[in-house]
Amino acid sequence: MSKLTSTLLYSLTGAAAIASLSSCKSNKQAEPQKPMNVIYIMSDDHSYQTISAYDQRYIHTPNIDRIGNEGVRFTNSFVANSISGPSRACMLTGKHSHANGFINNSTTFNGDQLTFPKLLQQNGYQTAMIGKWHLVSDPQGFDYWEILPGQGDYYNPTFIQMNGEKIQEEGYATNIITDKAINWIENRDESKPFCMLLHHKAPHRTWMPDTCDLELFADKTFPLPENFYDNYEGRLAAQKQEMSIAKNMGLVYDLKMADKEKEISDGIYEYWGHEMYNGNRMNPAQKAAWDAHYAPIIEKFKKDKLTGKALAEWKFQQYMRDYLRVITSVDRNIGRVLDYLEEKGLLENTMIVYTSDQGFYMGEHGWFDKRFMYEESFRTPLLVRLPGGKKGDVAQLVQNIDYGPTILDLAGIEKPEEMHGESFLPLLKGEEAPEWRNSLYYHFYEYPAEHAVCRHFGVRTDRYKLIHFYNDIDSWELFDLQEDPSEMNNLYGKPGTEEITKELKAELKRLQEYYDDPIRKEFVIE
């Protein structure tokens, strides 16, 4: 294992995007290189398990895979706070949540602070933000933006425009967001480089598929994760959570069992489930397709009268099918973007990023949702296509606070000192980075709140993870990710772990001091 006390910082090579090249054989000046464009595509709650570049058990995602096949696949990519709004704030500012102020979804993002789109805009880039924003305040630092209010809707969604006007669009959100993105690129000022943030609502709960995808996976049975029936022994916070597929996933709200007779009832957001599925959001054609698909499932479900494990496993299968149908639409639309860029000759001068605002549980530990520092929600997919860059895997530990510094580095803009993240552009270029970080810091704040995941902070290295849950409980967890990748065996306090625990606590304390997290003054690590 790498020495834990080594420095977090690494060297930046920082090649400028605009450069003049001269020939060794003549004094003629070569044409200046064009600044690199950036298209940053981010979905909401897309698990790395459901991208075939990472995991081929569930779905084939050829267009997302293409980005990695023609560029790099990060195999150790993580977030700083696994929940939507805070994760987005970390990405924009390059700072951990305590420094950017958006610690949970009940707060409002301070748009006056420094972000990487603002710096790009100030340095001659056109900037655009289209799709899911989820930061309450209006976007700043963009020449153009059009966003979904709050979580947005899958069907016939409303968009907020820059002038504040709200306009409802006919169609499916993933298709519409892609249409708007392509239209903006088509009509941009071609004399300037551009950076577009293309943010999909999908596949956020409640996983409502496009009508053309409703029958996909209908006959497929997905394997249960080995720890689907986890009893959370030795993990107190996991025992307290409320994100169980069996107990906390709604039949009506999440799984579309909104029968007209209202005989199916479990009390989990049931009113909103009926509002979404039987309200006025769908047009007649969409509603007809929806009813044609779900009505027979509802009828059979009522007839079968499932209980216990049979009901839990039925819920898992229904969840997986709808989630993967939504992913299919995301992948198809990414293909549309790639095809457009290729047709317009933009592929060779545009860096393309695909990621999610965090990971998601596909039944591991019996769960859906995110929040925990456990691997499925802490880890996020990250595939980057850099023209002329490296092809293959990158194994170094990267985090979403690094995205902004990397894009700034690509544009030849110096990273502000206040940003916690660092540029991984050298890794994209296949260059050596001997002083790369050996650990990552994480801090989750949203408790008490939905899903009842306790507040916690922690450190992860290439092999070990140490987590401290605090406030309502005082609990430590230690995992050996090499021997226990599913994080089932809490080693904290067990004989033989004293030295590694001491090292990890020292590293955790160092990271809290390095990032100046105020929590270190409230909970002193001993």
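The sequence shown maps to residues 17 to 542 in our numbering.
Where is the CB? At the ideal position from N, CA and C, for every residue including glycine.
Distance CB(residue i)-CB(residue j) smaller than 8 Å
i           : j           : result
residue 83  : residue 356 : no
residue 130 : residue 432 : yes
residue 456 : residue 476 : yes
residue 55  : residue 366 : yes
residue 495 : residue 382 : no
residue 316 : residue 271 : no
residue 225 : residue 345 : yes
residue 216 : residue 190 : yes
residue 299 : residue 202 : no
residue 106 : residue 113 : yes
residue 443 : residue 93  : no
residue 208 : residue 157 : no
residue 73  : residue 172 : no
residue 353 : residue 90  : no
residue 469 : residue 137 : no
residue 75  : residue 340 : yes
Contacts around residue i, its chain only, beta-carbon distance under 6 Å, and the 5 residues preceding and following it disregarded
i           : result
residue 199 : none
residue 95  : 103, 374, 396 and 416
residue 528 : 536
residue 213 : 56 and 145
residue 86  : 401
residue 77  : 67, 68 and 347
residue 277 : none
Proximal residues to residue i (C-beta, below 7 Å), its chain only, five neighbours per side dropped
i           : result
residue 333 : 237 and 238
residue 509 : none
residue 251 : 493 and 506
residue 288 : 269
residue 220 : 60, 61 and 167
residue 205 : 142
Cβ neighbour criterion (16 or more within 10 Å) applied to residue i
i           : result
residue 232 : buried
residue 487 : exposed
residue 179 : exposed
residue 540 : exposed
residue 542 : exposed
residue 109 : buried
residue 532 : exposed
residue 184 : exposed
residue 523 : buried
residue 419 : buried
residue 115 : buried
residue 49  : exposed
residue 124 : exposed
residue 37  : Caution applies to residue 37, whose pLDDT of 28 falls short of 50 and renders its modelled position unreliable; the value that the coordinates give is listed next. So residue 37 ends up on the exposed side.
residue 437 : buried
Length of the line joining the Cα atoms of residue i and residue j
i           : j           : result
residue 269 : residue 241 : 23 Å
residue 385 : residue 98  : 10 Å
residue 478 : residue 454 : 7 Å
residue 228 : residue 59  : 20 Å
residue 152 : residue 514 : 45 Å
residue 329 : residue 379 : 10 Å
residue 111 : residue 119 : 11 Å
residue 348 : residue 62  : 15 Å
residue 424 : residue 135 : 8 Å
residue 168 : residue 517 : 43 Å
residue 155 : residue 142 : 14 Å
residue 282 : residue 324 : 14 Å
residue 163 : residue 182 : 10 Å
residue 406 : residue 458 : 28 Å
residue 161 : residue 133 : 12 Å
residue 362 : residue 210 : 11 Å
residue 249 : residue 284 : 26 Å
residue 391 : residue 254 : 13 Å
residue 351 : residue 81  : 10 Å
residue 439 : residue 427 : 11 Å
residue 327 : residue 247 : 18 Å
residue 188 : residue 218 : 10 Å
residue 474 : residue 526 : 12 Å
residue 223 : residue 338 : 6 Å
residue 306 : residue 165 : 24 Å
Other residues of its chain near residue i: CB distance less than 8 Å, five sequence neighbours each side excluded
i           : result
residue 122 : 462 and 465
residue 498 : 479
residue 301 : 227
residue 280 : 267, 268, 273, 274, 314, 317 and 318
- [ ] Taking 8 Å as the threshold, find out whether the region 303-320 comes into contact with the region 190-206 through three or more Cβ pairs.
- [x] Between the region 303-320 and the region 190-206, the count of Cβ pairs shorter than 8 Å is below three; the stretches do not touch.
Task: Inter-stretch contact (C-beta, 8 Å, three-pair minimum) for the region 437-452 and the region 139-153 - done: No, they do not touch.
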